Structures are given as structure tokens and as C-alpha cells.
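Notes follow once the structure below has been shown.
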Amino acid sequence: MTSPPMLVPDSGANTQMLTALVRLRGSLQAARLPLDIPGVAEQRTAQQEMVDQLEDYVIPRLMTIDAPLLTVVGGSTGAGKSTLVNSLVGRKVTEPGVLRPTTRSPVLVHHPADAAWFGQDRLLPDLERVTHATVDPDALQLVASETVPAGLAILDAPDVDSVEERNRTLAGQLLAAADLWLFVTSAARYADQVPWDYLRRAAERSTAVAIVLDRTPADAVHTVSTHLARMLASRGLKDSPLFIVTEGPVSADGLLAPEAVTDIRGWLESLAEDSDARAAVVKQTLEGAIRTLTRRTHSVADSTAEQVSVVERLRGDVDKAYDEAVTAISTASADGTLLRGEVLARWQEFVGTGELLKTLEHRVGWMRDKLVAAIKGKPQQAERVTVAVESGLETLILEHAEAAAERAAGSWQSLTAGRTLLGDAGEDLGRASRDLRRRAERSVRDWQQDVLEMVRTEGADKRTSARFLAYGVNGLSVALMVVVFAHTAGLTGAEAGIAGGSAVLGQKLLEAVFGDQAVRSLAERSRIALEERVRTLLDAERARYLDLLDSLGLDAEVPEQLRDASRRVDDLRFAAQQADDHRTDGHVS
Ligand SMILES: Nc1nc2c(ncn2[C@@H]2O[C@H](COP(=O)(O)OP(=O)(O)OP(=O)(O)O)[C@@H](O)[C@H]2O)c(=O)[nH]1
Ligand SMILES: [Mg+2]
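Letter by letter, the sequence shown follows residues 7 to 595 of my numbering.
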């Protein structure tokens, strides 16, 4: 007698495979598919099914490779699954019925000696073991019966094509935990789509399957069985045993006549007796399940990679929108744009116009004296410039923050995933934050305070100088702001225009007190301080979007972790395969 084919040649390899499968499960559990991307629903289902199959079947099965062979009876509602199970067991262990669907809670029948194999921590660990009849789909009723051969257990499952979603999922989960499917269909239903979808999947995964054509009228047996056999062959299931049960009376207990199920019972009993054959069935199904899991893992990995790249794209859209806003504000607050309207009017009111500007170029000294005379004792005017600057800057910031929000939301709207995120955001991200005006106000004031401090510090040793006293800290500060606002506008020449000219006045005034070197440095520092405050404000605006993306918890490493975990399992599979082939060769020669 040849030794039974084993999944893995020794327990060391077995342990390695278990470790690899546990890691695969961990990676699959860690994978997140939160974004609405076309096809994602399918991958989420796949991910869940794979984690379930690893936990329900593959891992516990590999840990208890000698456990009895679990035969799951599945198929359409009313096909006669429960009746068949009862008839095989020889007594009513599961309730058949006329109300469809009947079976809602799985019933597992095993030999009393095998009870230990079906405890809570074995196959299907999330189904609570009970010993009484129930309709709870989260329970697994265990029935011990001497009439079931030791080494083989039979599970009656709900219908695969149920009108009840819970039934369908449970049936799928139970079939995924089967060593062997006993797939029951009826003469009336055998061509239905859903059962064939299951059978196609079984064939793809090399799951061991036997088909029962149930409730077949005697005169239809030939036609139907021929047709069905052809369908099975063309779908890769030609090696699967096919049993035919003719439509006959059922007893008061709901059992078929014992002869009706003799073939099936005989086949199951011989399987139970032959440990090699049993091991071969387990090996076929288990290896098929593992092979399918590693292949499907790559699709989930692709899907997680797509999630990561969509997040990158969404993040890029937001960064672009807000980077543009920061640049635009920075440009507009340095190119003279702000030296218009109210700011210019108040500034001119403060320093005076006309005459001063005209004489600017050739009579600087004279102008200074005039300036001193003009602004001496005008603290209110300086204050008005400050107020105008504040509102000018605030408007500038708000305008660009609104535009950035609109742009960012606009580009998110163009992707389904982005639209969903916007919809779930809980506020209208297409607008600037409601409290931005208040925060912008405070930031601008803080910046003006920065400028004031710089002037105060710079003038520390000049406090007593006549000019410093004449202009005052406030006057010099507004002059510095005006210089900042015309930073890139060009300070001399005809093109400077009124704004430039105004800034030149400020510049001269400051230079008269501090000297050109110091003025350059003051202007630069003030500009940087303003940019920093603007960036902080807009970063908070931008964060409304980025926080949404971060909260998705997507990890760019996950796709590769999944592929790694899958490759590791494949490597071990191939190694086991080779060891297997080697052993078979040894027997042949
Ligand atoms: N006459 C006759 N009736 C049968 C046969 N098999 C099943 N039935 C009846 O068909 C009905 C449905 O049978 P069940 O065994 O409950 O079918 P099921 O596949 O378990 O159905 P669900 O649990 O709803 O998925 C019951 O009333 C059975 O008595 C049969 O071979 N002959
Ligand atoms: Mg049933």
C-alpha cells in the first residue's frame, strides 16, 4: 500500500505553511478598501471571503489534518438537501419543510467518537456550537449519530440561491469550509444559474465535489442525467461523481426509502473507511483553496494599490489648489496689488500727496522735513492705515481661500471616490471654513504686531532720535507694511506709478531713520513673517481635506505586504509539490 498523499511532507514544512497562511490572513485583514472605486465592492467581498476561508477552514484544517472529512450538503432551496441528510443518517436530524427556505441554521451530524473534532475552536469558529434545533444563522447545531461513519461528518446547509441574503452568505461560508461538497440539485432546477456559479468556482478551486440529481421522475432520469453529465463535463467537473435519486414518496418522518440513497451512502462509507482516499480528498480541496487564495490575493493587492494611488491623486489636487493660493497671496501682497483703494487712500492721507511725490527724486532732504511736518502728531491716521491694511489683507486671504476650496472640491467631484468623501465630510468643503474670517483677522493683526515689534526692536537705540520720535513706532510700522506690499513692484522709475511712488515715500522715510541696509532686512523679515502666517492659515484649510484622506488609514506598504505574503505561501506550496513529486517518482521506479 502506498503512503497517503500528504499536503506537506513533514511537520516542519506544515508549521512553515501555517505561519505563512497566518501572515497572509493578517495582511488581508490589514488591507483597507474604503474608497469608492469601480469594482471595489467585488474586491471587498473577495477580501472578506478570503479571511473567512482562512479562519473557517484552511488554517484550522491544516492544524488538524487528521480531523474527519467534512461533507457539506449544498444547493438550491427545496432541492431536498435536508431530506437527503435525514435519509442518509436514517433519522430526522434536520428539519425538512414545505416553507421555502426551510433550513436557516446549519446542522452538522458526526459520529459520537468524532465529537472532539468539531469544538468551538475548530472549523467555522464564529458559529456558536449548540445541541438543540435552532433557526439562529450564527449557530451550528451538532448532532452525534452512530449511523454516520467515523471519520466523515455531514453538514446540512441553507440554500445557495436564497431569497434571504443571510442564508446565501452562510451557505457560501459553509461550502468554503467543506472538504467535500455534496451538491444537490433537482430535475426541475438543475439548469439554474446560481448553483452553476458555485460549481464553476468549485471547479476553479479544485474543490472535491459530488453531485446529487434529486427528485428526478423515473421517466426523466435518462434525459436529465445525460444533459447534466454533459454540463458537468463542459465545466471541468467530469471527474465528479454524479448520483441520481428518483422522486419517490417520503415517510411520515420525512425520510426517503433507504434504497433511494444506498449509492450515496455506500460511496460516503467507503470514503470514510479508506484513510488514503479521505486524505486525498482533503488534500485536493485544501490545496485548491490555498492556490486560489494566493491568486486572489494579487487582485486584492491591485485594488489596495489603486486605493493608494487614488488617495495620492486626491492629495495632489488639494495640494495644488492650496499651493496656488499661497503663491497667489504671496504675489499679491508684494507686487503693489494691495496698495490701492482704501490702503492707498489712508496712506496718502497719512503722508500727504502731490507736492511730496513730485519732489521725491531731487529734493529728498526737503521732503523729509516736509514729511516730518506732515505726519507729526497724526497717530490716528497711522491707525487708519493699519485698519485698511488689515481689511485689505483679510479680503485677499479669504478670496484665495475660497477659490482654493472651490478648485479642490471641483477636482474631487470629478472622481467617484472624491465625491463620496465630500458627501461624507459633514461640512461644505467647497467653501472656506466658516471661522476663517475670524482666524484671518487675528493672523493679520498678529502680523502687524510682528512688524511693530521689529520696528520697536530695530529702533531701540534710536528711540530718542528726533526722527524716530517724529514718525513714531506706528508710523514707521505702517511705512514698513507699505514697503512690503510693493516689494516686487519696482520702487523707482515712471512705471512705479502711484502705488510705487507711495511705497517710495515709505522707503525714504524708513531709510531716514534706520538706513537702507536695515530697511532691506526689515522688509524681508516682515514679508517672511506674513508668508508664514498665511501658510499656517491655509494649511488649516487644506487639512480639512487631507485629514479626510488620512482618516482612511491607507498604508502604501500594504499592497506589497499582500504580494509578499502570497508569494511566501506559493513558494512553500511549490516546495511541497516537488517533495510530493519526488516521493511519487520513488514509488514508480
Ligand atoms: N416526494 C418527495 N418529496 C421530497 C423529496 N425530497 C424532498 N422532498 C420534499 O420537498 C420539500 C423540501 O425538501 P427539503 O429537504 O426541506 O429541501 P431543502 O433543500 O433542505 O430546502 P431548504 O432547506 O429550503 O434549502 C419537503 O417538503 C420534502 O419533504 C423526494 O425525493 N420526494
Ligand atoms: Mg433544508
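Glycine included, C-beta positions come from ideal geometry on N, C-alpha and C.
These numbers were taken from a predicted model, which means no experiment stands behind them.
For residue i, three-class secondary structure by DSSP
i       : result
Glu-433 : coil
Arg-221 : strand
Thr-83  : coil
Thr-310 : helix
Leu-363 : Here Leu-363 scores only 49 on pLDDT, less than 50, and its place in the model is too uncertain to base an answer on.
Leu-13  : For Leu-13, the pLDDT reaches just 48, beneath the cut-off of 50, and the residue's location in the model is therefore unreliable, although a value from the coordinates is still provided. Coil, per DSSP.
Gln-147 : strand
Arg-135 : strand
Leu-161 : strand
His-304 : helix
Ala-500 : Because Ala-500 sits at a pLDDT of 42, beneath the cut-off of 50, its placement in the model cannot be relied upon, and the following sentence gives the value as read from the coordinates. DSSP places Ala-500 in helix when its eight states are reduced to three.
Val-141 : coil
His-588 : helix
Leu-421 : coil
Leu-129 : coil
Leu-578 : helix
Val-316 : helix
Val-190 : strand
Leu-560 : coil
Leu-428 : helix
Asp-323 : helix
Glu-408 : helix
Val-332 : helix
Thr-153 : coil
Proximity test, residue i beta-carbon vs ligand 2 heavy atom, cut-off 7 Å
i       : result
Ser-417 : no
Asp-185 : no
Ser-88  : yes
Asp-162 : yes
Thr-109 : yes
Residue i Cβ short of 7 Å to ligand 1 heavy atom set
i       : result
Ala-85  : yes
Gly-103 : yes
Leu-262 : yes
Thr-140 : no
Val-251 : yes
Arg-425 : no
Gly-32  : no
Arg-569 : no
Val-267 : no
Asp-577 : no
Arg-271 : no
Gly-254 : yes
Asp-167 : no
Asp-225 : no
Asp-259 : no
Arg-221 : yes
Arg-596 : The question about residue 596 has no answer here: the residues shown for the chain are numbered 7 through 595.
Beta-carbon spacing of residue i, residue j below 8 Å
i       : j       : result
Val-316 : Leu-75  : no
Gly-96  : Lys-87  : no
Leu-130 : Leu-148 : no
Leu-39  : Gln-22  : no
Ala-37  : Thr-310 : yes
Leu-544 : Ala-431 : no
Ile-65  : Arg-31  : yes
Val-218 : Ile-160 : no
Pro-223 : Glu-265 : no
Leu-558 : Leu-34  : no
Ala-295 : Gln-584 : no
Glu-171 : Pro-107 : no
Ile-335 : Leu-442 : no
Arg-241 : Leu-188 : no
Thr-494 : Asp-329 : no
Leu-234 : Leu-248 : yes
For residue i, the first and last residue of its enclosing beta strand (DSSP E)
i       : result
Thr-343 : Looking at the DSSP string, Thr-343 is not in any beta strand (DSSP E), and its letter there is neither H nor E.
Leu-114 : 113-116
Limits of the unbroken alpha helix (DSSP H) element including residue i
i       : result
Val-540 : 522-556
Thr-109 : It is not in any alpha helix (DSSP H) - Thr-109 carries neither H nor E in the DSSP assignment.
Ala-182 : 171-182
Chain B contact for residue i (CB, 8 Å cutoff)
i       : result
Pro-112 : Protein chains in the displayed structure number just one, and chain B is not present.
Enumerated in chain order, which unbroken segments of the alpha helix (DSSP H) with a length of 4 residues or greater are wholly contained in the region 192-237? Taken in chain order, the complete alpha helix (DSSP H) segments of 4 or more residues contained in the region 192-237 are 199-210.
Pick out the complete alpha helix (DSSP H) segments inside the region 450-494, 4 residues or longer, and give them in chain order. For the alpha helix (DSSP H) assignment, the uninterrupted runs of no fewer than 4 residues enclosed by the region 450-494 are, from N- to C-terminal side, 472-491.
Threshold first: 4 residues or longer. Then list the alpha helix (DSSP H) segments lying entirely within the region 22-95, N to C. The region 22-95 is shown to contain whole alpha helix (DSSP H) runs of 4 or more residues at 46-59, 65-69, 87-95, in chain order.
Residue ranges of each alpha helix (DSSP H) within the region 236-298, 4 or longer: You should have 268-279.
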